[in-house]
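Presented below is the structure to which this report refers.
There are 4 protein chains.
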Amino acid sequence: MTTNLDTRIETLGAARFANPAGYGFYTDDRNRVLFRSVYPEEELATSDFAAARCFEEAGPREKIYFEPSKVKVGIVTCGGLCPGLNDVIRALVMELHYRYNVRYIIGFRYGYEGMVERHGHPPLELTPERVTDILGLGGSILASSRGPQDVAEMADYLQKLGINILFTIGGDGTLRGALALSQECKRRGMEIAIVGVPKTIDNDIQYIQKTFGFSTAVSEAVKAINAAHVEAIGAPNGIGLVKLMGRHSGFIAANATLASRHVNYLLIPEKDFDLEGPGAFLEHLEARIKNRGHALIVVAEGAGQKFFNTTTQKDKSGNTKLEDIGWYLRNRIMDYFASRGMEVSLKYIDPSYTIRAVPANPEDSIFCGFLAQNAVHAAMAGKTEMVVGFWNNIFTYVPIKMAVAERKILHTKRSTLWRAVLATTGQPDELVIRCS
Amino acid sequence: MTTNLDTRIETLGAARFANPAGYGFYTDDRNRVLFRSVYPEEELATSDFAAARCFEEAGPREKIYFEPSKVKVGIVTCGGLCPGLNDVIRALVMELHYRYNVRYIIGFRYGYEGMVERHGHPPLELTPERVTDILGLGGSILASSRGPQDVAEMADYLQKLGINILFTIGGDGTLRGALALSQECKRRGMEIAIVGVPKTIDNDIQYIQKTFGFSTAVSEAVKAINAAHVEAIGAPNGIGLVKLMGRHSGFIAANATLASRHVNYLLIPEKDFDLEGPGAFLEHLEARIKNRGHALIVVAEGAGQKFFNTTTQKDKSGNTKLEDIGWYLRNRIMDYFASRGMEVSLKYIDPSYTIRAVPANPEDSIFCGFLAQNAVHAAMAGKTEMVVGFWNNIFTYVPIKMAVAERKILHTKRSTLWRAVLATTGQPDELVIRCS
Amino acid sequence: MTTNLDTRIETLGAARFANPAGYGFYTDDRNRVLFRSVYPEEELATSDFAAARCFEEAGPREKIYFEPSKVKVGIVTCGGLCPGLNDVIRALVMELHYRYNVRYIIGFRYGYEGMVERHGHPPLELTPERVTDILGLGGSILASSRGPQDVAEMADYLQKLGINILFTIGGDGTLRGALALSQECKRRGMEIAIVGVPKTIDNDIQYIQKTFGFSTAVSEAVKAINAAHVEAIGAPNGIGLVKLMGRHSGFIAANATLASRHVNYLLIPEKDFDLEGPGAFLEHLEARIKNRGHALIVVAEGAGQKFFNTTTQKDKSGNTKLEDIGWYLRNRIMDYFASRGMEVSLKYIDPSYTIRAVPANPEDSIFCGFLAQNAVHAAMAGKTEMVVGFWNNIFTYVPIKMAVAERKILHTKRSTLWRAVLATTGQPDELVIRCS
Amino acid sequence: MTTNLDTRIETLGAARFANPAGYGFYTDDRNRVLFRSVYPEEELATSDFAAARCFEEAGPREKIYFEPSKVKVGIVTCGGLCPGLNDVIRALVMELHYRYNVRYIIGFRYGYEGMVERHGHPPLELTPERVTDILGLGGSILASSRGPQDVAEMADYLQKLGINILFTIGGDGTLRGALALSQECKRRGMEIAIVGVPKTIDNDIQYIQKTFGFSTAVSEAVKAINAAHVEAIGAPNGIGLVKLMGRHSGFIAANATLASRHVNYLLIPEKDFDLEGPGAFLEHLEARIKNRGHALIVVAEGAGQKFFNTTTQKDKSGNTKLEDIGWYLRNRIMDYFASRGMEVSLKYIDPSYTIRAVPANPEDSIFCGFLAQNAVHAAMAGKTEMVVGFWNNIFTYVPIKMAVAERKILHTKRSTLWRAVLATTGQPDELVIRCS
């Protein structure tokens, strides 16, 4: 940046009127966005910025830890499918092979299940020829599975195969598993670098601003929303209702809402709402139908769980099994209008797996490439118990412990994203019962 | 960020081997990525970080300058079409109408041409009803034109219409025009805020990390590349050649190359190359064809202009008219192989306008919404002679003077992007004649 | 056809081996396909081909019945949405306006509901400007509704408005309604031509080989199937299950199966199947999972209704309300494998409205244009109580009485389509309990 | 068809007004479309319909000629790429393997070039595993080449390999080659069935109403047209010009025009037009630009060849090399308006190979499957020197001699298709210089 350029913004004069936009919070004119994001540790140490408030920058290191000709690499994809898995696998293999001259690369099949020998899923040998054409394919050529496996059994198999580097592509549970496995390996004195590529279609891993597959998933979700919009305006008192992914965070639903622009109500896990009563959702919906003749609702799967008598079943990944808010909402809306004697035409769409089984879009493909290359750089340099992150436009290395400490959620207070959602939907910030 | 979380990365031990990857530059383990990007001016003033190295953060201000009921707003789209123009127009109108209660909004037709009354393009009245369904449409409902107009005539018309806020959606030339117009208005004592929404499909505006339409353009470009790939592998000695946009910067070509993964040579304006001679492009291409039987080449339109006897014609926007590197390269390759007696099957694809005339993808739609909302926030607060920027994941306000001071280019030294291109294509960093 | 060209096929000699393909029926070498489909009535009368076995050919007539300047036209879209509705509306308006100089065209809103004045949906005026840009939109700009209305009330409104031509775009129920309305109008001595454009996303109208929207619907259905395929192969013992439209006929499901090629079982209303027992579906499925590790199932919504205690509820269109075979099958499969102690990973996809709310693909757009133009030709020539048909590549006119006399179904005996399904899926022709 | 159903159309009365639509020809009320297309030879022999006016119906025969366990099959794809090639290859292999138990199937690489041993392209072994996942891929896994090869050399190689069945997937030139090769084989006493699957993206093979890839190509062409439309309306006096495939016939251009609905002028090889002079194209274009401010033109590559001094170069397939009508038209239009002092903004799009390198759409995929299965039925039954055809919705067998006797063109007199084009574009039937 040429130093003599002035970044101060010209104004016509002092602002004098109160902002009528009704947003809960405002940005101060004096807020400054740093031009530079990356600093050497030493420089930070001498400044007022605490050194702790930083991540290590990702990238190839001048010196590496492993001797390429001797290193043995394993790759595993765990948990639910996500657009871009094959892009990550391909880029890992290509970078290892062509840049680091690594010749032994295998892929474990069916997630952690394939890392336990007795399950009988022999690993796949991964070469550039094998992976060169997998970009256009959804899913994972290694397949996947849910749930943890015994770390001792996994360590046994790694030891037997002589693996030095393990790339685990997965989410929260996968990362916890990787950590436990790494600790078991250390206990045994095995020298193995375990590096995660964070995978969460919900984009809910903390300290990682964007995860792969998210852009693609949002694009697909928009199609379902647009279909619901067409149905809603296509019938008298038409209501479109779309359920989208998002167990604990409404990022897909919120971003798809912003992209579609037709949504009138967005319901997400992070924001409480009531159904009946003054100020609650159904009353508001009724008013809108009367006024405008149609309405479009998007609900994230984790929203409104308070309506269920949660007996907290868990699936194999340890995720709490959610009750189906989509059908519940559909029925409650139908009942409500029936009780009012209003005829409505409700169309319910649950695009489910169609959103995650597609190939990555170009945006995600590029992103997957960078994630995988940086994962290789880290592992070859001997770094371990870490995931590749992305922060303020820079790729970073984040300790697994830190990434799994808490879950990223969509903040609804002082949040630019939620503010944009309210502006787009026109829904009130609160859809809970008003206390009179 | 919970303060007690340790961001240091675990390693297996000291890295000891030289990195064989052959990248020209490496990242230091001690490089730190700041967690926080935004600081109050005061805090920065007391730290070692110079206050000048910052941008003003975008967002709604608590107080605004204009009285909503009296403000008159004009919108204009200039220069070449770009995916997302209608998204920006829609979001400007919606934010002005629903959030700021502005009721007078007009759109000038055919770019700056429509801001000169005698050209006879009456402005369009813009209301929520008029713009609600324009998201799915490519192009701009206001249409556009190239080239500057007389600032005095434009100021006359603005004065006559009583416009207080002008949003100019355009690139480099448009921004310069906006600045000149603003200065003319000041001279006349007119009170008018002129705020730019940066539009450049080439993504080449300085201090703005990402511009709208770019993601969509890359996605479309990938389709052309994939078609060329299919043709190249579908014939004996098949060569696919694709020309993409990029007058001065190869961002579209580079990103489409990363997304497609099949490209063997990327030629961009920022990187010199020779055609014939030892070490030059054609010699390398010949070797590849002999080895592999096919090749895929992507060239940005501004590349290799040194091959032409530049008589520096300019188009109406003041851009230098480029000779067609696509056809030139096609002919040179054909001639070269003919002279060698090698039969090749070259397929040339120039997707041209098909890349920019499509509707914005969801990624770009969302981005357009934020840009437009932040433009409205700025203008209503009385800010002027500025554009909305995006820096390290934060929306910013950038003085026009600064944004037009230089052009953003794709750096090919110490560049993460270029490094990824080399890794993907496998092409040598230099394709110039070797001095023996 | 040049008469001296010989159409006889050269053979190497007499065929001597029994065909091992196992198809239930075979084509005779002596079967001949007529070159010409259309004959003047007179010519047929003198031949051995009975004149009754023909349809009237569609097309513009040299003389017309209505005086263009005086004719008043109404258009109505009824029943469920279908890709191409807007294409039909647009083409009707364009042909009427530009070719027949008709100036009064209105669109009734919300189906037959809008043809009853007291419901308060004023009709929309339809002009070329209004419809020129509606091609890219899913749904119907006129909206739709289900169910019949009182024919007297409809006739009242038509009479009041002075409508001479009514185009009804809809399916079986709509056509019956049109017929009843026409008879009421005749009784009143009203001179009105009622011409149907057949609309059925299920493609189940008799004597009409292909209906608009079907090609688009199949394309969308393929996406859901492909997603289910990716999920099925992406997990240990993965089962993909997709429910598609098709209340009484499995055409969408069968064609999507042929296009996708990954389906292992297709279940349709026209073909009986059992779930448990020797030779039944679940036993076969179990064997496949054990053998191949994954399976992909497509079921049409009207299949397997015998499993339900049909209390024969009807929806407003008079269609019997179907029990949800998708969920039922999902649960039965899960229970079956649970009872066997086999762990499977079943992914259920119901793409529902996403299939019908999209815009028409180019194939359907073209088809819609021809249908609409031929509808206009018929109505202007004074033809009534008919629909436009398509038979052996020729557009025809079919009496409504004939079109509604029975429903078109997918034959599973001596059927080319079913034979292709069996070849693709590899499923046995019969999945019913074997009698021992 | 239930015999007692009456197919006569109800009318309001005798048509009395002349049809104002201005179409050159009209359909007679007495034209009848035969319900049934297929008849046994014997039945036809006794009727007034000449037996010669028929094709043999395609389908599996009860007896076959070759013993499956001994038969050796070769497949070759020739000429330009076309969407669906991989679908055809896959379906041939699947039908041969699973239905006819054929175990020896090879694919020749690079077209006829691969059938000459000395060119050194060893054939590919084709198994179900090899082809199961090729549906999503554009191009041909066998690759292709243009031009004939020496029939003696090809026969040598077939003899050496012991091939009994050869499937040639290609167009006019390929079929002629197949015929010559068959005659050479006969001369040698080789027993080989040669069956063609007709491939022509231009859909210009006579006696075959629809060829595979055409639907996909039209869909892609529509995208280019829509982009040109957006550009045309996006600039003052905007002109969009799109060049599409169609060397001798304008089917792609005409169908894409019907699907897009925005085209104002369609220029095809089958219809003469002049550029300058009264009544010619440019005069008409000028009037339109003045009236409407924009225009959209589609030209097929074979149109207007009369403007060139044809030195009749031929490409390797024996096709006359065409001069580029797209660039020629672009320049003539620019010059014309320059000479008039009218400023226009012309955007030229040549989508070229992007149209043919994409994967088949579902419509084409299904069609490819039927073509391939019927090709297998024919070859296994010992039929030879024939191609699979499609006529009035029925698959047929057509002698190669007949299929190559003349080329299918788009008739512009008494043509339903051309009539629809005129109705859509609004262009005059004649754009030639008026004789005064």
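Residue numbers (this note's numbering), protein chains in the order written: chain A, 484 to 919; chain B, 484 to 919; chain C, 484 to 919; chain D, 484 to 919.
Backbone N, C-alpha and C define an ideal beta-carbon position, used for all residues, glycine too.
Option nearest residue i by Cα separation, candidates the options
{"i": "residue 908/A", "options": "763/A, 677/A, 874/A and 740/A", "result": "740/A"}
{"i": "residue 903/A", "options": "491/A, 507/A, 492/A and 493/A", "result": "507/A"}
{"i": "residue 663/A", "options": "683/A, 637/A and 688/A", "result": "637/A"}
{"i": "residue 906/A", "options": "853/B, 880/B and 886/B", "result": "853/B"}
{"i": "residue 826/B", "options": "808/B, 875/B and 776/B", "result": "776/B"}
{"i": "residue 867/C", "options": "722/C, 669/C and 599/C", "result": "669/C"}
{"i": "residue 510/C", "options": "544/D, 814/D and 601/D", "result": "544/D"}
Distance CB(residue i)-CB(residue j) smaller than 8 Å
{"i": "residue 751/A", "j": "residue 707/A", "result": "no"}
{"i": "residue 756/D", "j": "residue 893/D", "result": "no"}
{"i": "residue 623/D", "j": "residue 579/D", "result": "no"}
{"i": "residue 552/A", "j": "residue 596/A", "result": "no"}
{"i": "residue 557/B", "j": "residue 646/B", "result": "yes"}
{"i": "residue 652/D", "j": "residue 559/D", "result": "yes"}
{"i": "residue 504/C", "j": "residue 837/A", "result": "no"}
{"i": "residue 845/C", "j": "residue 566/C", "result": "no"}
{"i": "residue 562/C", "j": "residue 690/C", "result": "no"}
Assumed close pair residue i, residue j - CB separation to whole angstroms, cut-off 8 Å
{"i": "residue 828/C", "j": "residue 719/C", "result": "7 Å"}
{"i": "residue 541/C", "j": "residue 763/C", "result": "The pair is not a contact, with the Cβ atoms about 47 Å apart (cut-off 8 Å)."}
{"i": "residue 660/D", "j": "residue 682/D", "result": "Wrong, their Cβ atoms sit about 13 Å apart, outside the cutoff."}
{"i": "residue 713/B", "j": "residue 840/D", "result": "4 Å"}
{"i": "residue 492/D", "j": "residue 880/C", "result": "5 Å"}
{"i": "residue 716/A", "j": "residue 780/A", "result": "Contact flag wrong, Cβ pair sits at about 14 Å."}
{"i": "residue 498/C", "j": "residue 548/D", "result": "5 Å"}
Span of the alpha helix (DSSP H) around residue i
{"i": "residue 902/D", "result": "899 to 908"}
{"i": "residue 743/B", "result": "734 to 743"}
{"i": "residue 708/A", "result": "697 to 716"}
Host beta strand (DSSP E) of residue i (start-end)
{"i": "residue 880/B", "result": "877 to 882"}
{"i": "residue 583/C", "result": "Looking at the DSSP string, residue 583/C is not in any beta strand (DSSP E), and its letter there is neither H nor E."}
{"i": "residue 515/C", "result": "514 to 517"}
Notebook entry, point to check: Can you list, in chain order, the residues of the segment 617 to 642 of chain B whose Cβ is nearer than 7 Å to any Cβ on chain D?
Noted result: If the cut-off is 7 Å between Cβ atoms, the segment 617 to 642 of chain B has 621, 622, 623, 626, 627 and 628 near chain D.
Notebook entry, point to check: Taking any Cβ of chain C, which residues in the segment 705 to 724 of chain A have a Cβ under 9 Å from it, in chain order?
Noted result: Of all residues in the segment 705 to 724 of chain A, only 706, 707, 709, 710, 711, 712, 713, 714, 716, 717, 718, 719, 721 and 723 place a beta-carbon less than 9 Å from a beta-carbon of chain C.
Next item on the list: Can you give me, in chain order, the residues of the segment 551 to 574 of chain D that have a beta carbon less than 8 Å from any beta carbon in chain C?
Entry: Per Cβ criterion, the list reads 551 and 573.
Checklist line | Interface positions of the segment 818 to 835 of chain B facing chain D (Cβ-Cβ less than 7 Å), listed along the chain | finding: Within the segment 818 to 835 of chain B, the residues whose Cβ lies closer than 7 Å to some Cβ of chain D are 830, 832, 833, 834 and 835, listed in chain order.
Next item on the list: May I ask you to list, following chain order, the residues of the segment 584 to 602 of chain C that have a beta carbon less than 7 Å from some beta carbon of chain A?
Entry: Listed in sequence order: 593 and 596.
Next item on the list: Please list the residues of the segment 736 to 759 of chain D that have a C-beta atom closer than 9 Å to any C-beta atom in chain C, keeping them in chain order.
Entry: For chain C, the residues of the segment 736 to 759 of chain D that bring a beta carbon within less than 9 Å of one of its beta carbons are 738, 739, 741, 742, 743, 744 and 745, in chain order.
Item checked: chain C contacts made by the segment 757 to 786 of chain A, where a contact means CB separation under 8 Å -> Cβ contacts with chain C come from no residue of the segment 757 to 786 of chain A.
Note to self: So if I threshold CB-CB distances at 9 Å, which residues from the segment 505 to 525 of chain C count as touching chain D?
What the structure shows: Of all residues in the segment 505 to 525 of chain C, the ones placed with a Cβ closer than 9 Å to any Cβ belonging to chain D are 505, 506, 508, 509, 510, 511, 512, 513, 514, 515, 516, 517, 518, 519, 520, 521, 522, 523, 524 and 525, in chain order.
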